[in-house]
Structure formats: structure tokens, C-alpha cells
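Notes for the one structure printed next.
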Amino acid sequence: MKNKYGFTSNEILETILQLEDSFCCRVSFPPTGMPHPACHTRFVEWSGTKNEKDIVEAGKHFIDLFGEENPDLIVDNTKIHHYRIDDPSNYKNLYKIRYRYNYQKAVVDAISQEFGDNDDFLNPKYKGLPLNESLINSNPIIKQNGDYYLFAFALPTRSLFHITEQLIAKADSEYYNTKFLGNKYSKSRDNYLENKATELFKKIIPNGQAYPNSKYKTLDDKGKEYETEIDLLIKSDNAVYLIEMKAGGLSAPAKRGAIKSLTGSLKESVGYGAYQSYRALDYIMNNDMPEFVSEDGTKVIINKDSKFFRITITLEHLADLVAYMYDLKEIGVIDKNIDFAWTCSLFDLLIFSEIIDNEEDFLDYLEQRIPLYQRSEMEFQDEIDILGYFLEHDLVFDEKMISRLSSFRLNKYGSSIDNYFEKGGAKPIRKKTKKK
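Take the sequence shown: its position 247, counted from the start at 1, is 338 in our numbering, and no numbers get skipped.
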């Protein structure tokens, strides 16, 4: 990446975040023209690095010095300029990209497009249909006459992985296909997911033993023996966890809402992951001495009387798509003969590993959460909202009240979790419900 483009993958993320911060530092809002708080925050941080001697030696007003050292802002004659978001005459100054650091120029150019580059969006049978292929996901920045503009800041943030993958593929297609997408290279996408998820589960289940890529022999539909594996097997004194990892993401058409592509992508990840862990559990239950062999050759004997939990971890953040597993089974994404597995993205697992720091709470969560997949009348925004509700009330509901409703939706219970991660608020702690 560095050799081809002049920047690293980390600098892509840093640039995207900086572009949004720069915009916030320039924008003001009606009716009074009040600037966004980001500008004040930037100035306070900058002031903390200066003393009176520094400013005197610079020989210029401190506001002009601030502007000189923050070139992504517009400052002149001791004034920091802001532009009202409701005035179109301000849009050029407001949305034009200004760089805080030099490496950002290369990042911006690499993910930009000029007028006419996205012609294919208007050329299919249904011109301009939102489901059509579009460059806006991989190249969200507009280039015109040597200047660059970003009008939709959610696009690069939401498409960060897609953007990075596309850049890798363009830089070296052989590396992309053989190493990045494969699992033989230690830094491949698949191996990253497996290694990171294993690390996080060790935090949640500190006394468990983790056995990655554990092989076992079972029978196919014709009764013929074959060898397969479970991505991660964890044994603790309290339970056995059968965990599958799915690094494949949603295709571009699936993300745009193409039903056939969406259901196909979900079958390959959520559906097949549930099947694989179900297959491993079926092997355990139908053998007198179920045995697995981990990647380091360790033989793992499983007690059939253990408590079992099946889990699927996805690299793609599927949000509310996996909150409604009941619907996914109804449309055939998950086999109707297979029980639900707890399904969670790696991003949400990062949050769980920070909030749920002991196996007892994790077990309680799984035992209460998995049955909710059967509740078609319950609606959730995402897994973190369910976690937030669990911390407050366990997953205990007023069943008498719910029985009178055709649907029941949780309010946003993830706000305390958001506050902890985004603003450094107090860490949410579980308030255990007294058992009756």
C-alpha cells in the first residue's frame, strides 16, 4: 500500500476521520451562525501546546498562528471563518477539502472520481436506480479542476473496508487474491478474524481453554466418514462453546438492497455458520467419546453432559439483519431444521469484551438472548441495544403487556454503552435482577 500509493491503511482511516473533523471546524448552524464545538475543541488542544513565549517569538497574532498550524481551516486577519450550512453560496468553502497533513493528499486523490467516471450508474436498463452499480462507495470524493470535495461523510466511513480492499486489489491483484482473501497467509482477512475473535473470547471467558481449528471426523448423508473442523472450540468448567467465523462480507448489490444477492450473502455467512456449529454439536451428541484435534495436535475430549453454546462471528457488521434471525429462518437463510446460533459481528464482540468481563454474565446473556430469536413480535435495533437492556433489566420483559401487542420494540438501551466508548463516560455495569 505504501509503495503503490504513498500511504498506509491506517492513514486511510485517519484521513477520513480528519476530513469530517475539518468540516465540523468550518461549519456553523442557523439561526445564529453558532460554530460546531469541534472548532473550540481544536483551538483548546492547540492552545495547550503553546505558551506566551512561543506566541511572542512567532511575531504574529495567536489566531493567525493557530490558522497557520491548522491549514485545513480558513483563518485570516485574526478571524476564524465559519460557513452556515443552510447557505448554498458557502458550499464551496464548506465542502472543499483542505489538508491538515500532507499524506492526506494522496489518500484523497486515490479515492476520488471526476465527473463522467460514474457514467455506468446511468447506463443500465433502469437509469439512476439506487440498486445500480455506483462508484460512490469506493470513490466518494469528487475531483473538479484540481480541487476535491466531499459532500457525504457517511459514505467513506461506512465503506472503509470496501475502499481499502479495492485499493489493495488495484495495487496488487495477485497479493489480494492469494494472500488477502486466502487463509494461508498469517495476515489474511480470515486469519485476522479468527485470531482477533479468539483474543476477545479469552477476555470474556478467562478460565476457558481455546482450541482453534479443531478437526473431527463425522459422517455425510450417505454414511461416509469425512474430516471437517470447527473454527474455534472453547472449553471451560461451565460450558463448551462451538464458534464459527465468517470473514466474507455482503456484496455491493446486497448492501444496496438487492434481495437475491442479500439472501445469498447471508446464507454463506449466517446460515452456513449456524449449520457448521450445528454439525459439530450433532457429532458430539451422537458419539460416545467425541474427540477433536486442535491445530497444534492437542486432543480434546468433550463431555456430552456439558452445557453447549453455538456462536457465529462475522467480520461484516450486519446490525439489525442478525437481530431478526426469526425472519432469516422464515425466508430460508437459516435451515428450518437447525436451531439458532448466537450471531454477532467482530465489532460488537469488541464491545462485549469490554462490557462483559466474566463468564457468568456471558452465560446468562446467551441463555436469555438465544431464545429471543424465536420471538417474532420483538424488534431490536441491534445487538448492542439488547446488551444495554440486559445490563439494566436482564432480558426480562413484561409478558402480560407484550401479549396484548402485535409487535414490541426496545427503546435505545445502548446509549450508556455509546456514552462509555464515545465520550469516556462511566462503564455500564450489570444490575442483576433478583431471581424469583
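Just so you know, even glycine gets a beta-carbon here, dropped at the ideal spot from N, CA and C.
Contiguous alpha helix (DSSP H) elements confined to the stretch 135 to 178 occur at 143 to 149 and 153 to 159, taking only those with 4 or more residues. Across the structure, F271 and D200 are spaced so that their CA atoms are roughly 24 Å apart. Taking each of N214, Y240, K144 and D163 in turn and checking the Cα distance to K183, the smallest one comes out for Y240.
With the rule of 3 Cβ pairs closer than 8 Å, the stretch 311 to 323 does not count as touching the stretch 432 to 448.
In this model, R191 and F98 are separated by some 15 Å (Cα to Cα). Annotation: the continuous beta strand (DSSP E) that includes Q204 extends over S203 to E205.
I296 sits away from E458, with the two beta carbons spaced by 7 Å or more.
For R521, there is no enclosing beta strand (DSSP E), since its DSSP letter is neither H nor E. Counted as a single uninterrupted DSSP element, the stretch harbouring K315 is not any alpha helix (DSSP H), since DSSP gives it neither H nor E. Cβ neighbours of T354 within its own chain (closer than 8 Å, five residues either side excluded): I422, G423 and V424. The C-beta distance from Y369 to I447 rounds to 24 Å, too long to meet the 8 Å contact threshold.
Along the stretch 242 to 322, the beta strand (DSSP E) occurs as fully enclosed runs of 3 or more residues at 300 to 310, listed in sequence order. Its Cα nearest to that of V166, the residue C116 stands out among W433, L104, Q195 and C116. For the options D145, D211 and Q235, the alpha carbon positioned closest to that of I188 is the one of Q235. In the three-state reduction of the DSSP assignment, D238 falls in the strand class, which pools E and B. In this structure T403 touches A365 by the C-beta definition: roughly 6 Å separates them, less than 8 Å. For I404, the enclosing beta strand (DSSP E) covers residues F399 to T405. Residue pairing from DSSP places K187 in a beta bridge opposite Y240. DSSP places P231 outside both helix and strand once states are collapsed to three, so it counts as coil. In the three-state DSSP reduction, M376 falls in the helix class (H, G or I). Between the alpha carbons of E470 and D418 lies a gap of roughly 11 Å. Per DSSP, reduced to three states, the secondary structure at I422 is coil, with no helix or strand assignment. In the three-state reduction of the DSSP assignment, K390 falls in the strand class. For S494, there is no enclosing beta strand (DSSP E), as DSSP marks it with neither H nor E.
Leaving aside the five residues that flank G516 on each side, the residues in its chain whose CB is nearer than 8 Å to its CB run, in chain order, S507 and N510. Non-local C-beta neighbours of D155 in its own chain, meaning closer than 8 Å and more than five positions away in sequence, comprise V166, D167, N168 and T169, ordered along the chain. Between P215 and N223, the gap from beta carbon to beta carbon is short of 7 Å. It is roughly 7 Å from the alpha-carbon of A432 to the alpha-carbon of I461.
Closest in C-alpha terms to E490, from the list R133, F499 and D455, comes F499. Between I392 and E407, the C-beta spacing is not below 7 Å. For the options L486, C435 and L104, the alpha carbon positioned closest to that of D452 is the one of L486. Spanning the alpha carbons of H172 and N94 requires a straight line of approximately 37 Å.
Considering only Y267, S356, F399 and S360, the residue with the shortest C-alpha distance to I375 is F399. By the C-beta density criterion, Q300 is exposed, having fewer than 16 other C-beta atoms within 10 angstroms. In the structure shown, the three-state DSSP call for S100 is helix.
Excluding five sequence positions before and after S113, the CB atoms of its chain that fall closer than 8 Å to its own CB belong to D163, L164, I188, R189 and R191, given in chain order.
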